[in-house]
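Student:
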Amino acid sequence: MHPKHLLLTLAATLVSAKEDKTTVPGWDATGISFSIPTYTGTAASVAGINAEETTYHISCTKGAPKEYCQIDKPWTLIQGKETFSMTGSYTVGTTETDRITATRHYDCKFKNYSESASCSFSVTVTGSVGGGPWSSSALLETSIPSSNVGFYDMVVTGGVDKFTKPEATKTPGAAAGKLVNARAVATGVPLAGAAAVAVAAML
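So the number in our numbering is just where the residue sits in the sequence shown, counting from 1, plus 1.
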């Protein structure tokens, strides 16, 4: 898969309390690139969930070779009903003279997956190139048109049971709702526009 910004959606219809692994469908927005490497040895786990947002941690799968994944610290991806944020670092180049670590942070707001998203992207890069120190940073604010939206899947292997627990329906500061309501809200997420941005590197 080519480097892209990917927007995740939550799909409780694919989740069963008896399963320890599931696949989360989502959508992507192309056209913006920070030369993100394509990682294939990655998977997500649900770190936290409530009626307002879901927090995922993205890590390398167990035993994944370095060429497939170089995530030393799990990426954090937070998905809301009309927002997302993602922060994570990755390594580019591992030769004796070239080794760079990039840390990026994304924030997007949108109302529906069929509409454009307003996003800000920042990246800070540090390391060495040609044996000498090198650093750089950039900030970009942009609107991603709906024509650049498509679907993809992200594997979730940890915390899958959280999708069906009472906490998934609880609004922060309020009492928990019925579990059936949480499933209804979650399965309606693609139409409601709840999503989160990640990158092709995580797949």
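Virtual Cβ for every residue (Gly too), placed ideally from N, Cα, C.
On a CA-only basis, which of 107, 126, 124 and 127 is nearest residue 118? Give me that one, please.
Tutor: 107
Student: Taking C-beta to C-beta, are residue 72 and residue 86 nearer than 9 Å?
Tutor: no
Student: Would residue 112 be called buried (16 or more neighbouring beta carbons within 10 Å of its own) or exposed?
Tutor: exposed
Student: Going by Cα to Cα distance, which pick from 52, 96 and 79 is closest to residue 131?
Tutor: 96
Student: Output the distance between the C-alpha atoms of residue 173 and residue 70, rounded to the nearest integer angstrom.
Tutor: 35 Å
Student: How would you write the range of the beta strand (DSSP E) that residue 71 sits in, first residue to last?
Tutor: That residue, residue 71, is in no beta strand (DSSP E); it is neither H nor E in DSSP.
Student: Rounded to a whole number of angstroms, what is the C-alpha to C-alpha distance between residue 90 and residue 126?
Tutor: 9 Å
Student: Let me know the secondary structure DSSP gives residue 235 once reduced to three states.
Tutor: The shown model of the chain, from 2 to 204, leaves out residue 235, and the question about it has no answer.
Student: In chain order, what residues of the same chain lie with their CB nearer than 6 Å to the CB of residue 88, ignoring the 5 residues before and after it?
Tutor: Annotation for residue 88: 77 and 106 place their beta carbon closer than 6 Å to its own, counting only its chain and skipping 5 residues before and after.
Student: Which term fits residue 163, buried or exposed, when burial requires 16 or more other beta carbons within 10 angstroms of its beta carbon?
Tutor: buried
Student: By DSSP's criteria, residue 142 is part of a beta bridge. Which residues make up the other side?
Tutor: 121
Student: In this structure, does DSSP put residue 169 in helix, strand or coil?
Tutor: helix
Student: Beta-carbon separation of residue 156 and residue 45 under 9 Å?
Tutor: yes
Student: Figure out for me which residue from 49, 121, 165 and 168 has the closest Cα to the Cα of residue 145.
Tutor: 121
Student: Can you tell me which of the three DSSP states residue 1 falls into?
Tutor: Residue 1 lies beyond the range of the chain shown here (2 to 204); nothing can be said about it.
Student: Identify every residue that forms a DSSP beta bridge with residue 108.
Tutor: 86 and 121
Student: Looking at residue 165 and residue 52, is the spacing between their C-beta atoms short of 9 Å?
Tutor: no
Student: Could you give the residue range of the beta strand (DSSP E) that holds residue 48?
Tutor: 43-50
Student: For residue 15, name the three-state secondary structure that DSSP assigns.
Tutor: Residue confidence is low: residue 15 scores 30 on pLDDT, short of 50, so the model does not pin down where it sits. Its coordinate-derived value is still stated next. Note: residue 15 maps to helix in three-state DSSP.
Student: Less than 9 Å separating the beta-carbons of residue 55 and residue 80?
Tutor: yes
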